[in-house]
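Protein chains in written order, with UniProt numbering: chain A, 1 to 83; chain B, 1 to 403.
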């Protein structure tokens with residue numbers, strides 16, 4: 001499996017930066033809701049985009065434990081390794 | 001000491017801004033008295049009701065009112081407990097038999113509200129190893145049901161059968177049953193589910209299908225059974241969930257199914273077991289309203305004619321209204337400021353609609369959500385269109401040269 005937390009995190013950041021409203025100086029430790037001002041719906045919709053790029057499904061209950069970009073990356077890598 | 005209420009600061013400032021910008025609280029409208037199914041007294045003025053979900057006007061059904069009065073006289077006003085713990089009354093089973101027969105299904109479970117019907121069925125049907133696959137624009141009751149369930153929850157893109165298929169294929173090889181949940185008509189936007197395509201995905205993937213026909217029951221299909229009847233795919237629907245509080249004009253929810261295991265769902269379903277059952281007068285009124293609905297199929301024709309008339313009128317004056325014709329017609333506005341001014345002007349000029357604000361709307365834009373009734377007269381629809389035009393001009397949503 002070639003996906004690592006670093007590579008997935010970089011991909012997430014790249015996707016986030018495509019949105020002009022997202023601050024330019026984000027890194028893997030940024031909190032998605034607090035630092036990026038995403039509401040719960042925006043988080044779910046963003047995760048859907050990442051899911052399609054990486055061909056993985058992130059169950060909603062997993063999202064409850066995710067605060068930072070790196071948390072999301074780690075969760076996705078874990079799901080992909082299980083798959 | 002941390003305030004228990006600090007978490008509401010955001011709500012307080014958002015509501016404060018709404019009230020300051022428009023002069024009234026859009027979520028606190030008081031209908032002082034309904035004068036008919038289509039006109040209510042609001043702020044002392046006779047106001048056209050275009051936001052009550054009372055699609056067939058049956059909240060004012062003479063037959064239902066009489067049935068409720070008789071039931072109160074015979075049975076009293078309440079059941080004072082849950083059916084599991086404190087007993088089922090004969091009326092509960094009569095209503096379940098009637099609603100199951102109307103859908104031509106094996107059995108029905110009746111809940112105290114439509115919200116609880118979704119909450120109960122969704123949380124109970126799926127277990128820890130199962131998957132719930134939800135349309136992204138699902139109603140809060142579906143999301144809340146998913147949170148109460150131990151299952152893994154996956155969203156698919158709204159009304160997109162290919163996306164549903166893709167997400168189900170990703171689960172190939174995983175143990176556990178898959179339950180797909182869609183709505184017939186989506187309550188905020190009026191979008192109609194492409195149910196035949198969804199049913200095909202269900203068949204191909206060996207999943208189960210639950211359809212929430214809350215806003216499509218009484219509205220779509222030859223007998224008013226909803227989108228599955230209209231598309232001829234009823235046999236693919238494992239569970240139909242719905243409510244009595246829209247087309248039937250009362251309150252309560254139900255699930256109908258051919259699966260005999262529904263009987264065991266009753267004994268595992270917390271939102272069914274641990275709440276008081278529907279009172280006799282509501283059951284009697286619901287049964288009478290169902291008879292009204294069955295006896296008057298012309299109500300559905302009138303409803304769809306009215307919906308088409310309002311829909312065409314909105315497009316004619318240049319509003320960004322829903323693409324599909326359905327009794328829920330949403331006008332999408334670009335920003336909150338316009339939406340607040342326009343909603344307030346509508347009410348001042350005599351039309352009540354629902355103001356829906358993000359994140360309760362699908363794409364972060366505010367909606368003016370209208371629900372049409374069979375009992376609206378063509379003149380009332382035309383009057384509403386005129387008032388929308390005026391309010392749109394006043395709010396800067398419409399341009400005088402176009403509208």
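By construction, the Cβ of each residue, glycine as well, lies at the ideal position given by its N, Cα and C atoms.
Around the beta-carbon of residue 334 of chain B, fewer than 16 other beta-carbon atoms lie within 10 Å, marking it exposed. In the structure shown, the three-state DSSP call for residue 340 of chain B is helix.
Put simply, the CB of residue 366 of chain B is far from chain A, with every gap to its CB atoms at 7 Å or more.
Put simply, the backbone Cα of residue 119 of chain B is about 9 Å away from that of residue 140 of chain B. Its chain contains 321, 322, 325 and 329 as the residues whose beta carbon lies nearer than 8 Å to that of residue 311 of chain B, once the 5 sequence neighbours on both sides are disregarded; these appear in chain order. A buried status is given to residue 116 of chain B, since no fewer than 16 other beta-carbon atoms sit within 10 Å of its beta-carbon. Judged by pairs of C-beta atoms under 8 Å, the stretch 263-283 of chain B does not touch the stretch 199-213 of chain B, as fewer than three such pairs exist. One thing to note: residue 340 of chain B has its Cβ within 7 Å of the Cβ of residue 21 of chain B. In the three-state reduction of the DSSP assignment, residue 97 of chain B falls in the helix class, which pools H, G and I. Residue 369 of chain B has a beta carbon lying at 7 Å or more from every beta carbon in chain A.
Note on residue 292 of chain B: 16 or more other CB atoms within 10 angstroms of its CB, so buried under the neighbour-count rule. Residue 29 of chain A and residue 231 of chain B have their C-alpha atoms some 49 Å from each other. When 9 Å is used as the limit between beta carbons, residue 146 of chain B is near these residues of chain A: 60 and 61, in chain order.
Taking 7 Å as the CB threshold, residue 154 of chain B lines the interface with chain A.
Residue state for residue 362 of chain B is assigned as coil, using DSSP reduced to three classes.
Under the Cβ criterion of 7 Å, residue 27 of chain A is not counted among the residues facing chain B. Here the alpha carbons of residue 279 of chain B and residue 307 of chain B stand approximately 33 Å from one another.
Excluding five sequence positions before and after residue 47 of chain A, the CB atoms of its chain that fall closer than 6 Å to its own CB belong to 58, given in chain order. Nearest to residue 32 of chain B by alpha-carbon distance, out of B/42, B/24 and B/354, is B/42. Its chain contains 86 and 276 as the residues whose beta carbon lies nearer than 8 Å to that of residue 80 of chain B, once the 5 sequence neighbours on both sides are disregarded; these appear in chain order. Under DSSP, residue 156 of chain B shares a beta bridge with B/135.
At a Cβ-Cβ threshold of 7 Å, residue 162 of chain B and residue 362 of chain B do not count as neighbours. For residue 47 of chain B, the pairing in a beta bridge is given by DSSP as B/40.
The C-beta separation of residue 147 of chain B from residue 224 of chain B comes to about 31 Å, leaving the pair out of contact by the 8 Å criterion.
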